[in-house]
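Using the numbering used here, you'd call the opening residue of the sequence shown number 180 and step up by one each time. Even glycine gets a Cβ: it sits at the ideal position worked out from N, Cα and C. Since we're looking at a predicted model, the values are computed, not measured. Single-structure report; data block below.
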Amino acid sequence: MKVLLDILRRENAEAAPWHQCIPFETADTNATVASALTAINADPSLRDTEGRPVTPIRWECSCLQKKCGACAMRINGVPRLACDAQLADLGETVRLAPLGKFPVVADLMVDRSGMMQQLRDMRLWLETDEPAADPDALAASYEASRCLQCGCCLEVCPNFYVDGDFYGMAAAVPVSRIVAEADEAQMADLRRAYRSHVYEGCGKSLACRDICPAGIDIEGLLVRSNAAAVWKRRRKGRK
Ligand code: SF4
Ligand code: SF4
Ligand code: FES
């Protein structure tokens, strides 16, 4: 299999971006964007289409099994996980660019610490050891716990900006886990945070719904959280 990787490169946060087109060939029919980047970085003799050397491409990965979210980037314009993007499905030219909502560190690597700070701002941890008694709430909690914090949903959201007051689904999905299990004392603070940072900023367009690489039921969790945190519907198994 032969593809041309068109990579948006940048030396550092201040440098101007530029495109580097790198021919890539592999016998592995299951090769992914992640395995291609790994192979390219392991070959110092590689040249691009203009004969220039290919210096190591900065990108992030950890699990290579769709579990950590670190390798999220724009692939042919769509935010997705590099370790879950098979070259065979991507056409002859594969365009790679960093996620656009976060500051770029270098090449395909972005700084997602703002997203993590937003989770801390919302105090997204449980203050009780007691699990929710209701099996339906536990199922919702489990569904929410599958969030990778990859940021793909933020990339397609028209209302999310990294320094804005609206924190997007990367916060709203973990909120729904806490909503499912929190006691009423914790819910009072959480309701205020949820209204300010999720409910009031979300346009409900659901552009985020189908992009999640973990396949999380974003719409279902949003409906549950709105019911509990905004409309104060009683949650089963909680006083
Ligand atoms: S429903 Fe629309 S506004 Fe709300 S988080 Fe999803 S994409 Fe953003
Ligand atoms: S909800 Fe899905 S797309 Fe958004 S951060 Fe979590 S795993 Fe990524
Ligand atoms: S490297 Fe962990 S999700 Fe891709």
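Proximity of the stretch 308 to 317 to the stretch 373 to 390 falls short of the contact definition, fewer than three beta-carbon pairs being nearer than 8 Å. The shortest CA-to-CA distance from residue 295 to any of 284, 342, 221, 382 is the one to 342. Between the stretch 320 to 332 and the stretch 352 to 367 there are three or more C-beta pairs closer than 8 Å, enough to call the two in contact. Contact annotation: the stretch 243 to 253 does not touch the stretch 188 to 197, with fewer than three C-beta pairs closer than 8 Å. The beta carbon of residue 334 sits closer than 6 Å to the beta carbons of 258, 278, 280 from its chain, once the five residues preceding and following it are set aside; these are given in chain order.
For residue 195, the shortest separation between its Cβ and any heavy atom of ligand 1 does not lie below 7 Å.
For residue 340, the number of other beta carbons within 10 angstroms of its own is below 16, and it is reported as exposed. Here the C-alpha atom of residue 269 lies approximately 13 Å from the C-alpha atom of residue 215. Secondary-structure assignment with DSSP links residue 252 through a beta bridge to 259. In this structure, the alpha-carbon of residue 395 lies about 34 Å from that of residue 204. In the assembly as shown, residue 330 is a buried residue. Its beta-carbon has 16 or more other beta-carbons within 10 Å. With fewer than 16 other beta carbons inside 10 angstroms of its own, residue 230 counts as exposed. In chain order, 298, 303, 323, 326 place their CB closer than 7 Å to the CB of residue 353, counting only its own chain and leaving out the 5 sequence neighbours on each side.
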